[in-house]
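Residue numbers (our numbering): 363 to 688.
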Amino acid sequence: MDERLPHPARSQLGILRLFKALFPNTPNPLQTITFPAHHQDPPGAVPKCKGFALLTLTNTADLDKILTEWPWTSDEPRIVERGREASEDLVEEARRAGMRALAKADWDKLQDEYLAYRTRLLDEIARTEAEEAAAQTGAEHRTTQPKRKKRVSSSPPAPEPEPAAEASTSAPSLKATSPYPPGCVVRVRNVVPATNKTALRSLFAASGAELDYVDFTKGLDSCHLRVASSPHAHRLVEHFASHPTVQKDALDDQGVSASEHEQLKPLVVELLDGRQEEVYWGQVPEKVRKQAVAKAMAAAGFAVGPNAGGEGEESSKGARKRRRQK
363 MDERLPHPAR SQLGILRLFK ALFPNTPNPL QTITFPAHHQ DPPGAVPKCK
413 GFALLTLTNT ADLDKILTEW PWTSDEPRIV ERGREASEDL VEEARRAGMR
463 ALAKADWDKL QDEYLAYRTR LLDEIARTEA EEAAAQTGAE HRTTQPKRKK
513 RVSSSPPAPE PEPAAEASTS APSLKATSPY PPGCVVRVRN VVPATNKTAL
563 RSLFAASGAE LDYVDFTKGL DSCHLRVASS PHAHRLVEHF ASHPTVQKDA
613 LDDQGVSASE HEQLKPLVVE LLDGRQEEVY WGQVPEKVRK QAVAKAMAAA
663 GFAVGPNAGG EGEESSKGAR KRRRQK
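Listed below in structure tokens is the structure:
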């Protein structure tokens with residue numbers, strides 16, 4: 363991993379020129395140059411250099427040299443050497459930029475630390491929201507308990523109306539101007555970090571839910587699934603709640619019963635809502651968000667025109683056009 367690359371070396375050709383200047387005695391110092399994808403990149407986009415790159419060097423001697431001369435952590439001041447030849451200008455720019463290198467094994471350790479930190483933050487957010495929701499529910503229960511006792515005495519099984527009430531309050535929130543479709547993102551934990559999007563899509567399609575996009579970065583043990591509508595998200599969550607499943611290896615695209623592999627953690631599938639859902643959609647390009655809203659509205663039975671004006675607006679325009687033709 364090379365970070366803080368100078369601006370002239372933020373392309374494959376620029377990086378190759380830089381390393382030829384660093385190792386003039388090696389004809390081909392690099393085997394591969396990879397730019398990691400960014401989480402805000404749209405699906406299918408070609409990753410661009412954002413100041414760092416993953417490099418595979420041709421020989422270990424050059425690797426040892428760059429790790430020694432360009433250490434990841436250094437308290438020494440940056441020294442700009444003068445009087446270099448033209449072929450070494452990139453090296454001087456690299457020193458000014460503070461370029462540094464890190465072996466892949468050490469980079470993997472940093473990534474693991476980051477993932478653990480990210481997971482801890484998400485867990486804290488989820489726990490805080492759950493505590494706030496429980497406190498609010500408890501307060502509502504205490505204020506409505508006297509009235510509820512009089513009505514519940516004749517009909518004890520009262521939980522069934524709650525989903526309908528919840529659906530009726532959440533349905534109006536989906537409209538053409540919504541920033542994102544609510545209730546359409548599911549987070550999954552305990553996937554195999556070395557798996558791929560194709561295997562994950564096949565694995566979760568077994569629930570019968572219509573998947574729009576599998577948001578997964580290799581090396582992570584979690585992913586996000588965007589679905590066509592909120593009912594599909596609930597179907598996905600309910601399926602894996604009633605069928606505990608594990609992904610036994612990276613290529614497992616079917617899943618196996620958790621009871622057969624007790625040493626593995628089962629998949630944890632949960633619906634994103636509240637602040638977590640808002641933060642997630644904030645990282646998605648606006649065009650993709652609008653497409654997701656339109657698809658969710660279509661799944662809910664709304665007619666969305668080219669300008670997302672709504673069914674009533676589109677039909678009224680059509681009626682006016684027909685009257686003018688007469």
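Cβ atoms here follow ideal geometry from the backbone N, Cα and C, with glycine treated the same way.
- [ ] Assess, as a yes-or-no matter, whether the segment 623-639 is touched by the segment 594-611 under the definition of 3 or more beta carbon pairs within less than 8 Å.
- [x] yes
Task: Euclidean distance between Cα positions of ASP424 and THR418 - done: Counted from its first residue, the sequence shown places residue 424 at position 62. Counted from its first residue, the sequence shown places residue 418 at position 56. For ASP424 and THR418, the distance between alpha carbons rounds to 11 Å.
Task: Length of the line joining the Cα atoms of VAL599 and THR481 - done: As a working mapping, residue 599 is identified with position 237 in the sequence shown. As a working mapping, residue 481 is identified with position 119 in the sequence shown. Distance between the alpha carbons of VAL599 and THR481 is about 20 Å.
Task: Cα-Cα separation, PRO433 to ASN387 - done: The count along the sequence shown starts at 1 and reaches residue 433 at position 71. The count along the sequence shown starts at 1 and reaches residue 387 at position 25. So the alpha carbons of these two residues sit roughly 21 Å apart.
Open item on the list: As a quick exercise: from ASP485, PRO398, GLU455, pick the residue whose alpha carbon is nearest that of VAL630.
Closed with: What you label residue 630 is simply residue 268 of the sequence shown in a count that begins at 1. Here the closest residue by C-alpha is ASP485.
Open item on the list: Once the 5 residues before and after ASN390 are set aside, which same chain residues still bring their CB inside 7 Å of it?
Closed with: Locating residue 390 in the sequence shown gives position 28, where the first residue counts as 1. Cβ within range, chain order: THR420.
Open item on the list: Per DSSP, what are the beta-bridge partners of ILE395 in this structure?
Closed with: Taking the first residue of the sequence shown as 1, we reach residue 395 at position 33. BP columns for ILE395 point to LEU417.
- [ ] Closer than 6 Å by C-beta to ARG372: which residues in its own chain qualify, once you throw out the five before and the five after it? Chain order, please.
- [x] In the sequence shown, counting from the first residue as 1, residue 372 sits at position 10. Around ARG372: CYS411.
TODO: Please work out which residues of its chain come closer than 6 Å, Cβ to Cβ, to LYS679, disregarding the five sequence neighbours upstream and downstream, and give them in chain order.
DONE: The residue labelled residue 679 in the question sits at position 317 within the sequence shown. The pLDDT assigned to LYS679 is 38, lower than 50, so where the model puts this residue is not dependable, and the model offers no usable value.
TODO: Compute the Euclidean distance between the alpha carbons of VAL548 and GLU493, then round it to the nearest angstrom.
DONE: Your numbering for residue 548 matches position 186 in the sequence shown. Your numbering for residue 493 matches position 131 in the sequence shown. If I take the Cα positions, the gap works out to 20 Å.
TODO: Could you check if LYS657 is buried or exposed, using at least 16 other CB atoms within 10 Å of its CB as the buried criterion?
DONE: Mapped onto the sequence shown, residue 657 falls at position 295. That one is buried.
TODO: Just the C-alpha distance for PRO405 and ALA620, rounded to the nearest angstrom, thanks.
DONE: Position 43 of the sequence shown, counting from 1, holds the residue named residue 405. Position 258 of the sequence shown, counting from 1, holds the residue named residue 620. C-alpha separation (whole angstroms): 32 Å.
Task: Whole-angstrom distance between LEU477 and GLU572, CA atom to CA atom - done: Within the sequence shown, the letter at position 210 stands for residue 572. Within the sequence shown, the letter at position 115 stands for residue 477. Straight-line Cα distance between these residues: approximately 28 Å.
Open item on the list: Nearest by alpha-carbon distance to ALA463: which of MET659, THR435, VAL576 is it?
Closed with: Sequence index remark: in the sequence shown, residue 463 carries index 101 (1-based). Answer by Cα proximity: THR435.
- [ ] Verify the contact flag: PRO555, CB atom, against every heavy atom of the ligand MG, threshold strictly below 6 Å.
- [x] Judged by which ligands are present, the structure shown has none, so any question about the ligand MG falls away.
Open item on the list: Taking the alpha-carbon of PHE397 as reference, which of LEU375, ILE428, ALA603, VAL554 has the nearest alpha-carbon?
Closed with: Start at 1 with the first residue of the sequence shown, and residue 397 comes out as number 35. Closest by alpha carbon: LEU375.
Open item on the list: By alpha-carbon positions, which one of ASP451, LYS466, LYS649, GLU455 ends up nearest to THR422?
Closed with: Translated into positions along the sequence shown, residue 422 becomes position 60. Minimum Cα distance to THR422 is reached at LYS466.
Task: DSSP three-state assignment for ALA497, whether helix, strand or coil - done: Your numbering for residue 497 matches position 135 in the sequence shown. ALA497: helix per DSSP, three-state reduction.
- [ ] Mind checking which residues open and close the alpha helix (DSSP H) that includes HIS594?
- [x] On the sequence shown, residue 594 is found 232 positions in, with the first residue counted as 1. Start and end: 592-604.
Open item on the list: Quick check: the Cα distance between PRO409 and ILE395, rounded to an integer number of angstroms?
Closed with: Walking along the sequence shown from the start, residue 409 turns up at place 47. Walking along the sequence shown from the start, residue 395 turns up at place 33. Those two C-alpha atoms are separated by around 12 Å.
TODO: Can you check DSSP and say which residues form a bridge with LEU633?
DONE: Residue mapping note: residue 633 aligns to position 271 of the sequence shown, counting from 1. BP columns for LEU633 point to VAL548.
Open item on the list: If you measure between the beta carbons of GLY570 and ARG588, is that distance less than 7 Å?
Closed with: Within the sequence shown, numbered from 1, the residue matching residue 570 stands at position 208. Within the sequence shown, numbered from 1, the residue matching residue 588 stands at position 226. No, these two residues do not count as a Cβ contact at 7 Å.
TODO: Determine the burial state of SER604: buried for a count of at least 16 other Cβ atoms within 10 Å of its Cβ, exposed for fewer.
DONE: Along the sequence shown, read from residue 1 onward, the residue named residue 604 stands at position 242. So SER604 ends up on the exposed side.
Task: Collapsed DSSP secondary structure at VAL655 in the structure displayed - done: Translated into positions along the sequence shown, residue 655 becomes position 293. VAL655 falls in the helix class under three-state DSSP.
Task: Counterpart residues of THR539 in DSSP-defined beta bridges - done: Here the question's residue 539 lines up with position 177 in the sequence shown. Answer by DSSP bridge pairing: none, since THR539 is not bridged.
- [ ] If I'm right that ARG637 touches TYR542 with Cβ under 8 Å, what's the distance once you round it to whole angstroms?
- [x] Looking up residue 637 in the sequence shown gives position 275. Looking up residue 542 in the sequence shown gives position 180. That belief does not hold up - the Cβ atoms of ARG637 and TYR542 are roughly 13 Å apart, past 8 Å.
TODO: Can you give me the Cβ contacts of ALA556 inside the same chain, cut-off strictly under 6 Å, excluding the 5 residues immediately before and after it?
DONE: Within the sequence shown, residue 556 is the residue found at index 194, counting from 1. ALA612, listed in sequence order.
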